[in-house]
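Just so you know, we're using my numbering here: the sequence shown kicks off at 122 and counts up by one.
Report on one structure; see the data block that follows.
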Amino acid sequence: MATVACPERFLYDAMRAGLVLGWLSVTAVLAALALGVHVERLEAVLGLTTAAAAAHSAIAAVPWRRWLPARRGRVLLDLWSVGLLGYVTLLVIAAGAHTGLDLLLFLVVPFLALAHDGRRRALFLAGAALAYLAAMALAPDPLALGAVALRGVLLCAVAVLALILDRAVRHEAAARAQAAARAELEHALLAESHHRVKNSLQTVADLLLLSRPGNGDGDGFDRTAERIRAIAAVHHLLADRRGRAVTAAELLHGVARAAAPDTPCQVQADDVLLAPAQAQQLGIVANELIANAARHGHPPISVRLTLGDHARLDVHDAGGATASQPDGLGLRLVRQVTEHGLHGSFTLAPDPDGGNRAHVRFPLVDHARPDR
Numbered sequence: 122m123a124t125v126a127c128p129e130r131f132l133y134d135a136m137r138a139g140l141v142l143g144w145l146s147v148t149a150v151l152a153a154l155a156l157g158v159h160v161e162r163l164e165a166v167l168g169l170t171t172a173a174a175a176a177h178s179a180i181a182a183v184p185w186r187r188w189l190p191a192r193r194g195r196v197l198l199d200l201w202s203v204g205l206l207g208y209v210t211l212l213v214i215a216a217g218a219h220t221g222l223d224l225l226l227f228l229v230v231p232f233l234a235l236a237h238d239g240r241r242r243a244l245f246l247a248g249a250a251l252a253y254l255a256a257m258a259l260a261p262d263p264l265a266l267g268a269v270a271l272r273g274v275l276l277c278a279v280a281v282l283a284l285i286l287d288r289a290v291r292h293e294a295a296a297r298a299q300a301a302a303r304a305e306l307e308h309a310l311l312a313e314s315h316h317r318v319k320n321s322l323q324t325v326a327d328l329l330l331l332s333r334p335g336n337g338d339g340d341g342f343d344r345t346a347e348r349i350r351a352i353a354a355v356h357h358l359l360a361d362r363r364g365r366a367v368t369a370a371e372l373l374h375g376v377a378r379a380a381a382p383d384t385p386c387q388v389q390a391d392d393v394l395l396a397p398a399q400a401q402q403l404g405i406v407a408n409e410l411i412a413n414a415a416r417h418g419h420p421p422i423s424v425r426l427t428l429g430d431h432a433r434l435d436v437h438d439a440g441g442a443t444a445s446q447p448d449g450l451g452l453r454l455v456r457q458v459t460e461h462g463l464h465g466s467f468t469l470a471p472d473p474d475g476g477n478r479a480h481v482r483f484p485l486v487d488h489a490r491p492d493r
């Protein structure tokens with residue numbers, strides 16, 4: 122940043138506006154000459170305008186984005202501001218006050234108010250007032266005192282309006298920066314919470330397996346531990362994304378690895394972003410369906426999520442035993458989460474081509490093409 126009170130982005134936009142105003146000033150002078158406006162010293166006016174055009178061409182070539190944070194950028198900005206005031210002052214002295222070229226200060230003053238802050242701004246605005254008075258005093262055809270006073274009052278009004286605009290824009294920029302900082306902090310805290318939840322769930326799953334009976338009654342422990350680890354995998358993914366939306370492909374690949382680590386799974390997903398809460402719910406559903414297909418079907422397991430009017434999740438196995446009973450705990454959990462969490466529908470039926478196909482259809486809370 123060039124200064125604390127003047128964000129670099131805001132200052133860069135002010136520079137771009139200054140370039141536009143500079144070229145408008147040059148164009149206005151050339152248009153006045155083309156329209157036959159009488160000037161006292163034509164050669165001097167042409168020389169000053171040519172020099173101004175060359176200076177603006179050079180300024181436009183400056184790498185302002187790189188220079189503005191450095192001291193040389195500030196020095197060049199000061200020189201440019203002095204040059205603008207000098208150009209208008211000399212132009213009025215060379216052309217005459219009755220040409221109306223002193224009105225170019227109405228373009229220069231807002232630029233000075235926006236491009237500078239603090240003492241620099243006060244100095245340059247005072248310099249603009251002195252430049253105006255000097256131009257009026259040294260012009261070969263000075264205006265009446267009333268006309269000079271009227272233009273002076275209007276210049277002051279323009280400066281005040283520019284300062285009000287500058288204050289509003291700076292406050293808006295500061296508010297946006299604070300909001301971005303708060304959002305980043307919230308993302309960091311959310312990521313940390315997901316990380317802690319993941320670790321806690323992993324610990325619970327490990328303790329559950331340590332408590333598993335040594336006889337053949339441990340299937341319920343195994344399945345519960347699998348569910349907990351699948352939820353932990355989702356929280357791990359959300360922690361990596363710092364609480365932001367995750368892609369469906371990332372989610373389903375992670376769940377498939379956790380739910381069926383020893384079973385080949387073919388995962389395909391459209392480019393869909395899932396909000397964190399919806400990602401957790403879909404992770405639970407996908408885990409149950411993939412684990413169910415791995416236990417009761419034959420590999421490979423196909424997992425596909427497509428996007429149309431609604432999102433559609435299909436889990437299909439290659440055949441084998443009949444899918445678990447619809448009143449089983451896992452499928453009851455799928456139905457509950459689908460209907461009350463995802464606000465969608467769930468069906469499980471034999472596939473005409475063999476195997477079993479689970480189908481979940483639900484609306485997306487928020488979706489988009491992910492950033493590349």
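From the three backbone atoms N, C-alpha and C, an ideal C-beta is built for every residue, glycine too.
These numbers come from a predicted model, not from an experiment.
Extent of the continuous alpha helix (DSSP H) to which residue i belongs
| i | result |
| --- | --- |
| Thr384 | Counting along the chain, Thr384 falls outside any alpha helix (DSSP H), and DSSP gives it neither H nor E. |
| Asp340 | Asp340 to Asp361 |
| Arg456 | Leu450 to Gln457 |
| Val213 | Arg192 to Ala216 |
| Ala479 | From DSSP, Ala479 is part of no alpha helix (DSSP H) but of the beta strand (DSSP E) over Asn477 to Phe483. |
| Ala172 | Leu163 to Ala181 |
| Ala260 | Where Ala260 is concerned, there is no enclosing alpha helix (DSSP H), given that its DSSP letter is neither H nor E. |
| Glu409 | Pro397 to His417 |
| Val158 | Val158 -> no alpha helix (DSSP H), and no H or E assigned at all. |
| Ala235 | Looking at the sequence shown, residue 235 is not Ala but Leu. Leu235 -> alpha helix (DSSP H) spans Leu226 to Ala236. |
| Arg187 | Trp185 to Trp188 |
Where the beta strand (DSSP E) through residue i begins and ends
| i | result |
| --- | --- |
| Pro471 | Ser466 to Pro471 |
| Thr427 | Ile422 to Leu428 |
| Val436 | Ala432 to His437 |
Contact set for residue i: own chain, Cβ-Cβ below 6 Å, skip 5 residues either direction
| i | result |
| --- | --- |
| Gln402 | Val458, Gly462 and Leu463 |
| Gly143 | His177 |
| Ala173 | Val147 and Tyr208 |
| Ile405 | Val458 |
| Ala181 | Leu140 |
| Ala126 | Per-residue confidence for Ala126 stands at a pLDDT of 40, beneath the threshold of 50, marking its modelled position as unreliable; the derived number appears in the next sentence. Here the set comprises Asp238. |
| Gly194 | Trp188 |
Status (buried if at least 16 other CB within 10 Å, exposed otherwise) for residue i
| i | result |
| --- | --- |
| Thr368 | buried |
| Ala287 | Looking at the sequence itself, residue 287 is Asp, so the reference to Ala does not match. Asp287 comes out buried. |
| Gly341 | exposed |
| Gln399 | buried |
| Gly476 | buried |
| Val388 | buried |
| Ser332 | exposed |
| Ala390 | buried |
| Glu409 | buried |
| Val229 | buried |
| Ala295 | exposed |
| Val436 | buried |
| Glu347 | buried |
| Gly103 | The displayed coordinates of the chain run from 122 to 493. Any statement about residue 103 would go beyond what the structure contains. |
| Arg530 | Any question about residue 530 goes unanswered here, given that the chain covers just 122 to 493. |
| Ala470 | exposed |
| Ala302 | exposed |
| Gly101 | There is no way to answer for residue 101, as the model of the chain reaches only from 122 to 493. |
| Gly375 | buried |
Other residues of its chain near residue i: CB distance less than 7 Å, five sequence neighbours each side excluded
| i | result |
| --- | --- |
| Leu395 | Ala366, Val367, Ala369, Leu372 and Leu403 |
| Val325 | Ile349 |
| Ser445 | With a pLDDT of 49 at Ser445, under the threshold of 50, the modelled position of this residue cannot be trusted, and the question is left open. |
| Gly139 | Phe232 and Ala236 |
| Thr124 | Because Thr124 sits at a pLDDT of 38, beneath the cut-off of 50, its placement in the model cannot be relied upon, and the point is left open. |
| Ala377 | Cys386, Val388, Ile411 and Val424 |
| Ala260 | Val213, Ile214, Gly217 and Ala218 |
| Thr170 | Val147, Val150 and Leu151 |
| Phe483 | His431, Ala432, Thr459, Leu463, His464 and Gly465 |
| Asp438 | Ala414, Gly418, His419, Ile422, Gly476 and Asn477 |
| Ala283 | Val230, Pro231, Ala234 and Leu235 |
| Thr427 | Asp391 and Arg433 |
Sequence-distant residues of the same chain with beta carbon closer than 8 Å to residue i, five excluded per side
| i | result |
| --- | --- |
| Glu460 | Ser466 and Phe467 |
| Val318 | Ala353 and His356 |
| Ala381 | Ile411, Ala412, Ala414, Ala415 and Ile422 |
| Leu145 | Leu228 |
| Pro334 | Phe342 |
| Leu167 | Leu154 |
| Val279 | Phe227, Val230 and Pro231 |
Check: residue i C-beta below 8 Å from any heavy atom of the ligand ZN
| i | result |
| --- | --- |
| Ala236 | No copy of the ligand ZN appears in this structure; indeed no ligand is present at all. |
Self-check item: Three-pair Cβ contact test at 8 Å for the region 195-212 versus the region 243-261
Solution: Three or more pairs of CB atoms, one per stretch, sit closer than 8 Å, so the region 195-212 contacts the region 243-261.
Practice problem: Count the C-beta pairs between the region 236-243 and the region 150-162 that are closer than 8 Å, then say yes if the count reaches three, no if not. | Solution: Verdict: no, contact absent.
Quiz item: Between the region 219-226 and the region 187-198, are three or more C-beta pairs nearer than 8 Å?
Solution: Contact between the region 219-226 and the region 187-198 is absent: fewer than 3 CB-CB pairs across the two stretches fall below 8 Å.
Practice problem: Decide if the region 413-422 is in contact with the region 351-361; the criterion is three or more beta carbon pairs, one per stretch, under 8 Å apart. | Solution: no
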